[in-house]
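Chemist:
Numbering (the working numbering), first residue to last: 39 to 231.
Shown next, in the form of structure tokens:
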């Protein structure tokens, strides 16, 4: 398996949570009660998997390997991806804060959860599309095939050392659970507010 394939597979896992998060935000927006813990768990997934594992692989391994092999470091596609990673972290903090306020029963927390979730989902969907369609093909062209095993080994270190043994599997299981819950929410009848 190529390093780019690993990252693309992780994008598919992240998209499952994006879909669930979007469904839950839609339900709140349309007056349906959603357990606040759903949003806190989604924020945990984002912090631990999307950012803590996936973005670390990109930032700490892929991007530097691309730069070593001729990609522009400042002002180019990599710089744009780094800025979007930083923006995603800001949206995740806002989501966690709003979900914590929702859990406490604060009246204005629901719209803030919805706004934070929508911003994060929109950013990440666009970001994933840019990486899948532009950045990853560029990486595949730049990085010599004989370096792929090295990149994969460095990815494995990120998974094991930075996120902990078996963390990847736990986050995939969390994504599956959030996806199931999001699908169930999407099937619920909507009440008008």
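Glycine included, C-beta positions come from ideal geometry on N, C-alpha and C.
Taking a contact to mean a Cβ-Cβ separation below 8 Å, would you say residue 55 touches residue 80 in this structure?
Modeler: Contact flag set, yes.
Chemist: Of the residues 64, 188, 93, 40, which one's Cα is nearest the Cα of residue 127?
Modeler: Of 64, 188, 93, 40, the residue nearest in Cα terms is 93.
Chemist: I want to know whether the region 97-107 touches the region 201-220 - three or more CB-CB distances under 8 Å.
Modeler: The region 97-107 vs the region 201-220: no contact.
Chemist: By DSSP, does residue 51 sit in helix, in strand, or in coil?
Modeler: Looking at residue 51 - three-state DSSP - the assignment turns out to be helix.
Chemist: Residues in its own chain within less than 7 Å of residue 162 by CB, not counting five upstream and five downstream?
Modeler: Closer than 7 Å at Cβ, skipping near neighbours: 52, 56, 126.
Chemist: Write down the C-beta distance between residue 70 and residue 226 rounded to the nearest angstrom, noting that I regard them as a contact closer than 8 Å.
Modeler: About 6 Å separates the two Cβ atoms, so the contact holds.
Chemist: Could you work out which residue in 175, 88, 142, 117 is closest to residue 41 when comparing CA atoms only?
Modeler: Nearest C-alpha to residue 41: 175.
Chemist: Quick one: is residue 73 buried, meaning 16 or more other Cβ sit within 10 Å of its Cβ, or exposed?
Modeler: Result: exposed.
Chemist: If we call anything under 8 Å between Cβ atoms a contact, is residue 118 one with residue 177?
Modeler: Taking 8 Å as the Cβ cut-off, residue 118 and residue 177 do not qualify as a contacting pair.
Chemist: Considering just the uninterrupted stretch of the alpha helix (DSSP H) at residue 27, what are its terminal residues?
Modeler: As shown, the chain starts at 39 and ends at 231. That puts residue 27 outside it, with no answer to give.
Chemist: For residue 144, name the three-state secondary structure that DSSP assigns.
Modeler: Coil at residue 144, not helix or strand.
Chemist: Note down the Cα distance separating residue 165 from residue 124, rounded to an integer number of angstroms.
Modeler: Each residue's alpha carbon lies about 12 Å from the other.
Chemist: Could you give the distance in angstroms between the alpha-carbon of residue 173 and the alpha-carbon of residue 143?
Modeler: Spanning the two alpha carbons is a distance of roughly 42 Å.
Chemist: Roughly how many whole angstroms lie between the Cα atoms of residue 204 and residue 198?
Modeler: Looking at the two C-alpha atoms, the distance is approximately 8 Å.
Chemist: Exposed or buried, what is residue 134 when buried is set at 16 or more other beta-carbons lying within 10 Å of its beta-carbon?
Modeler: It is buried - the Cβ of residue 134 has at least 16 other Cβ atoms within 10 Å.
Chemist: Out of curiosity, what's the CA-to-CA distance linking residue 141 and residue 147?
Modeler: If I take the Cα positions, the gap works out to 9 Å.
Chemist: How would you write the range of the alpha helix (DSSP H) that residue 234 sits in, first residue to last?
Modeler: There is no way to answer for residue 234, as the model of the chain reaches only from 39 to 231.
Chemist: Using the Cα positions of residue 122 and residue 88, report the straight-line distance between them to the nearest angstrom.
Modeler: The straight-line gap from Cα to Cα measures roughly 13 Å.
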